[in-house]
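Before any comments, here is the structure.
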């Protein structure tokens with residue numbers, strides 16, 4: 690297992706974090722059954738318990754190829770913010786779709802008054818993934834999907850090819866990720 694003290698430099702040509710993880714798996718000879726957790730660079734403050742949670746989540750969902758986490762959206766403006774990725778989850782806890790747009794779209798309410806969005810329907814996707822090393826190799830062999838390219842969301846490649854992504858609500862919700870200069874400025878004020 691790579692710890693926090695070991696660094697593995699990867700190619701600058703990767704299109705996603707999962708492609709970068711695939712290179713590390715190959716370089717380090719990580720066993721195919723090993724569960725690997727990928728914390729996205731724009732989510733620097735993910736609580737440690739969420740890293741364990743997403744790994745356990747995948748271990749307990751053998752029908753799924755990946756696992757991730759979400760947190761409830763509480764502010765209406767976040768429903769419409771394209772930098773906050775929304776996730777829809779079915780009754781089995783499997784992700785149906787991820788989008789930068791409001792999903793689900795409450796037609797009857799939102800067309801008349803967008804500010805009437807019922808925030809309890811929305812979940813923010815958190816940039817953390819768990820997968821088995823063997824699946825990462827399969828994932829990177831897939832041709833990137835049109836949905837992945839349109840939304841600029843790598844997890845849509847897995848959904849496009851029929852793979853399952855289990856999603857639980859994070860036990861320790863992290864702060865919002867760093868997606869814009871304003872997010873970075875807010876973070877710097879918080880830590881100074």
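In the working numbering, the protein residues as written are 690 to 881. Think of the CB as a built atom: it goes at the ideal place given N, C-alpha and C, for glycine as much as any other residue.
- Pairing residue 726 with residue 819 gives a Cβ-Cβ distance under 7 Å.
- Per DSSP, reduced to three states, the secondary structure at residue 832 is coil, with no helix or strand assignment.
- Listed in chain order, the alpha helix (DSSP H) elements of length 4 or more contained wholly in the segment 833 to 857 are 835 to 840, 844 to 849.
- Annotation: residue 838 to residue 845 spans about 9 Å, alpha carbon to alpha carbon.
- Taken atom to atom, the span from the alpha-carbon of residue 778 to that of residue 856 is near 7 Å.
- The Cβ-Cβ distance between residue 854 and residue 755 falls below 7 Å.
- Note: residue 875 is not bridge-paired with any residue in the DSSP secondary-structure output.
- For residue 746, there is no enclosing beta strand (DSSP E); the enclosing alpha helix (DSSP H) covers residues 737 to 748.
- If you draw a straight line from the Cα of residue 826 to the Cα of residue 776, it comes to about 24 Å.
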